[in-house]
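Notes to accompany the following structure.
Numbering (our numbering), first residue to last: 409 to 481.
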């Protein structure tokens, strides 16, 4: 990730949007358990970490892809 994008991502005052996600109850329980084990305060914080980690991985792959591929969008 480029340094300017990284600096933007680290700002605490970025606007946020609420998202509703329906998950099976057992998955929510497992998220809560895993969150405590990994040092997060709750399952929601762990989900944000999972999304951020996966998104960074995908963005790195997109940034490594030549721009010509994106012309087909």
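We put the beta carbon where it would ideally sit given N, CA and C, even for glycine. Note that the structure is a prediction, hence the values are computed from the model and not measured.
Nearest CA to the CA of residue 433: which residue from 451, 447, 425 and 418? Of the candidates 451, 447, 425 and 418, 451 places its Cα closest to the Cα of residue 433.
Nearest to residue 431 (by Cα), restricted to the options 466, 462 and 455: When the alpha-carbon of residue 431 is set against those of 466, 462 and 455, the nearest one is in 455.
Quick check for students: name the residue ranges of the alpha helix (DSSP H) that lie wholly in the region 435-462, counting only runs of 4 or more. As far as the region 435-462 is concerned, it has no whole alpha helix (DSSP H) run of at least 4 residues.
Three-state class that DSSP yields for residue 417 in the structure shown: When DSSP states are grouped into helix, strand and coil, residue 417 belongs to the helix group.
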